[in-house]
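Q: Under mature numbering (1 follows the signal peptide of the UniProt record, and there is no 0), the letters of the sequence shown match residues -20 to -1, 1 to 129, in that order.
One structure, as structure tokens, below. Some questions next.
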Amino acid sequence: MKKISVFMLFIFGVSAAAFSQEDIKWMTFEEAAKATSSSPKMILVDVYTDWCGWCKKMDKETFTNSEVIAYVNENFYPVKLHAEKTDRKFSFKGKEYTEASMAKTMRVTSFPNFVVMDATMENITQLPGYREPKPFIEGLDGIVKRFTK
């Protein structure tokens, strides 16, 4: 009986932790553009593909880290942009784009790649490649401090 009680407590604790963890509040590109026009904030664009193993590793390991989640949600409008998706169109600065054509416009050639934009939706820089949670936050924090003073 004691083993069952301990097991049930363990399962409940794991389930509660999984459900209580907040996620990054991902947006579409056009949602971020609208949000920053009414409440200015930098934009972090995660440019990815379905076949990219390092992109999946970022999703699984870095974007589930509680410190990364808190930092990204506080400092950015985060956007997921599929670099090969051509079926959804949106307008940006008077031109029509697909996610694939926007990735090309941003000159993204490797994945994962993180494009950082200022509140006026101008590209500031790119952070290419997989990053573990701490170096990811450090890289973003350096950009935030440099461009928001």
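Beta carbons: idealized from backbone N, C-alpha and C, even for Gly.
So, helix, strand or coil for F56, using DSSP?
A: Reduced to three states, the DSSP call for F56 is strand.
Q: For the beta strand (DSSP E) containing P108, name the first residue and the last one.
A: It spans N103 to P108 - the beta strand (DSSP E) in which P108 sits, taken as one unbroken run.
Q: Which residue or residues does DSSP assign as beta-bridge partners of Y51?
A: DSSP, once it has assigned bridges, lists no residue as partnering Y51.
Q: If you run the structure through DSSP and keep just helix, strand and coil, what is F127?
A: Of the three classes helix, strand and coil, the one that applies to F127 here is helix, per DSSP.
Q: Would V95 and V25 qualify as a contact pair, given that the criterion is a beta-carbon distance under 8 Å?
A: Cβ distance < 8 Å, so V95 and V25 count as in contact.
Q: Answer with buried or exposed for F72, where buried requires no fewer than 16 other C-beta atoms within 10 angstroms of its C-beta.
A: F72 should be labelled exposed.
Q: When the Cα of V124 is compared with those of T16, I104, V27 and E112, which residue comes out closest?
A: It is I104.
Q: How should R111 be labelled, buried or exposed, when 16 other C-beta atoms within 10 angstroms of its C-beta is the threshold for buried?
A: So R111 counts as buried.
Q: Kindly indicate which residue of T89, R68, N93 and M82 has the alpha-carbon position closest to the one of K36.
A: Out of T89, R68, N93 and M82, N93 has the C-alpha closest to the C-alpha of K36.
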